[in-house]
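Numbering (our numbering), first residue to last: 1 to 577.
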């Protein structure tokens, strides 16, 4: 399958390069890239074809690298072929594929399920094939050759319109086989059946089972590869990288379009008893249900109770001037709020600065409806009417106008993997020599003045250690990196960095304390958000289960232990803002 007029195509695991070379010839206006960790591709080909392999001036492409050396949201079609046995974690792999597809881009995957099959169940008749299959599974325990539930993994990664077509792939063709896509593939397969089995078997058997090459040669030569009853299954999956559902997909090498039930756009994925975003699934660690929205809404305001010069619902005394001051002496024209949440901050800015143009960006919906005379636009899941959907902060920013006065990031530290790229895009969207950037985020590493309180077996220490491990696996470390050097290297100046301590427990109160100070002490902390809106669960549940390998029951138990610990006012824990 391929888009009607693809501009950029990626072939992951291109092998000999036959597919990439063919697609480059068929679509001369497209840029086609074939990547593999091994060489063997042709030196010459179509001018629109390039290789990223050891034979062509590089070290090859390792799909397990944390960051792929391609821009995000840059491909119209990503093709994957024969990677079973090479991928240790399919969920992480599909999350990366999803991030590199353009909105509404196409994905296609071919995989052969090599488990021997017989229509008549004749396992006893040819035990050699089943012996080979069992040994292959033993030889590849970390990267199983068995095909996982790819359809479910694609769904959890955020893909829509997922379609699966299995084809029977005989080891030897029968005389009455009709010409079809499956038999065309089989014809090429049959000519090389012996050599294919030999190549497939040699590496795993010699490296992991410690066989000699001679033993492998002899073993493969005795396999019954001419048995016309035996067959494998060729699986083809196709999907869209989110976007409006589309039914008619063009299959390359197959003029017949298979009719399938059109998919629907899925906005959320339900797992671990919570709802998570399907848009950018696997990268945004937080749920998107009511508890999460309430928690992060409170956090948005809490940030301002600790930020110098800002008005908030918790600050005492309240400033007399209604506008929220951004930066002194700044001429306000255009403002962007990245991670706008409920949208209250963009609306407050629009109210405080008449005539200003404000854009709020978030992957969640539920923003407050702006008044008619406010120039406020939300690029979010609910309110953005563009067919391209919500804006990906790590993706294409063409919908953000140039010459912005002020771009703000709030509580996004653990949702962005490539901060240098985001900061660079921000730099070029700001008005030269006048625009400002502001980043406000929590470092969720818990701290205390009483060091002994965070010594083993403290549940807070266990919680932070597990969360740190999980966040590192996702490419967004728990401890926030120093943004100052990143900003300096891009060209920002006049950089300021402030750190505020935010207690996790309720503030101390005493008889006779004034109401304003009492309210501030009780509210300007995180304990209410932890107990009422499941803050720690929002931060960690999916990460613990999916990255640390915990059961959901064990993950919830650790979260509850940590909640009880940090909300105990005898344990003076805090985090930094």
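Note that the Cβ used here is the ideal one computed from N, Cα and C, for glycine as well.
Beta-carbon gap between residue i and residue j smaller than 8 angstroms
i           : j           : result
residue 83  : residue 9   : no
residue 459 : residue 347 : no
residue 296 : residue 411 : yes
residue 541 : residue 156 : no
residue 20  : residue 39  : no
residue 343 : residue 378 : yes
residue 576 : residue 501 : yes
residue 448 : residue 527 : no
residue 204 : residue 129 : no
residue 539 : residue 444 : yes
residue 48  : residue 392 : no
residue 394 : residue 473 : no
Cut-off 6 angstroms between Cβ atoms - residues of its own chain near residue i, not counting five sequence neighbours on either side
i           : result
residue 97  : 78
residue 537 : 559
residue 552 : 272 and 545
residue 70  : 100
residue 333 : 405
residue 114 : 232
residue 533 : 291, 294 and 295
residue 374 : 350
Residue environment, residue i, which counts as buried when at least 16 other CB atoms sit within 10 Å
i           : result
residue 380 : buried
residue 367 : buried
residue 403 : exposed
residue 134 : exposed
residue 52  : buried
residue 416 : buried
residue 11  : buried
residue 112 : buried
residue 489 : exposed
residue 218 : exposed
residue 337 : buried
residue 41  : buried
residue 467 : buried
residue 564 : exposed
residue 441 : buried
residue 356 : buried
residue 199 : exposed
Residue i versus residue j - alpha carbon distance
i           : j           : result
residue 236 : residue 146 : 15 angstroms
residue 107 : residue 164 : 12 angstroms
residue 29  : residue 101 : 18 angstroms
residue 363 : residue 396 : 14 angstroms
residue 16  : residue 86  : 16 angstroms
residue 151 : residue 484 : 42 angstroms
residue 462 : residue 81  : 41 angstroms
residue 109 : residue 93  : 12 angstroms
residue 248 : residue 241 : With a pLDDT of 32 at residue 248, under the threshold of 50, the modelled position of this residue cannot be trusted; read the value that follows with caution. C-alpha separation (whole angstroms): 15 angstroms.
residue 54  : residue 65  : 16 angstroms
residue 118 : residue 227 : 10 angstroms
residue 399 : residue 360 : 12 angstroms
residue 446 : residue 495 : 26 angstroms
residue 567 : residue 470 : 23 angstroms
residue 350 : residue 166 : 55 angstroms
residue 202 : residue 231 : 21 angstroms
residue 626 : residue 32  : Residue 626 is absent from the model: the chain starts at 1 and stops at 577.
residue 492 : residue 46  : 42 angstroms
residue 265 : residue 239 : Low confidence applies here, because residue 265 scores a pLDDT of 38, under 50, leaving its location unreliable; read the following figure in that light. Straight-line Cα distance between these residues: approximately 12 angstroms.
residue 384 : residue 434 : Reliability of the predicted coordinates at residue 384 is poor, the pLDDT of 49 falling under 50, and the value obtained from them is presented with this limitation in mind. Cα to Cα, residue 384 sits roughly 28 angstroms from residue 434.
residue 339 : residue 116 : 51 angstroms
residue 216 : residue 61  : 28 angstroms
residue 428 : residue 358 : 18 angstroms
residue 476 : residue 88  : 20 angstroms
residue 370 : residue 345 : 11 angstroms
Sequence-distant residues of the same chain with beta carbon closer than 7 angstroms to residue i, five excluded per side
i           : result
residue 197 : 220, 223 and 225
residue 486 : 419, 420 and 423
residue 529 : 295, 298, 299 and 535
residue 6   : 27, 30, 76 and 77
residue 341 : 296, 297, 300 and 362
residue 18  : none
residue 439 : 409 and 483
Proximity test, residue i beta-carbon vs the ligand ATP heavy atom, cut-off 7 angstroms
i           : result
residue 380 : Among the ligands in the structure shown, none appear at all, so the ligand ATP cannot be discussed.
Spatial neighbours of residue i in its chain, beta-carbon cut-off 8 angstroms, leaving aside the 5 residues before and after
i           : result
residue 13  : 35, 36, 63, 80, 81, 82, 83 and 86
residue 570 : none
residue 209 : 135, 138 and 139
residue 213 : 202 and 206
(request) Only counting runs of 4 or more residues, tell me where the alpha helix (DSSP H) segments fall wholly within the region 524-556, in order along the chain. (result) 527-533 and 535-547
(message) What ranges does the beta strand (DSSP E) occupy inside the region 45-92, keeping only unbroken runs of at least 3 residues that lie completely in it?
(response) Under the rule that a run must span 3 or more residues, the beta strand (DSSP E) segments found entirely inside the region 45-92 read 49-52 and 75-81.
(message) Runs of 3 residues minimum, wholly inside the region 420-475: which ones carry the beta strand (DSSP E) assignment?
(response) 436-440 and 443-448
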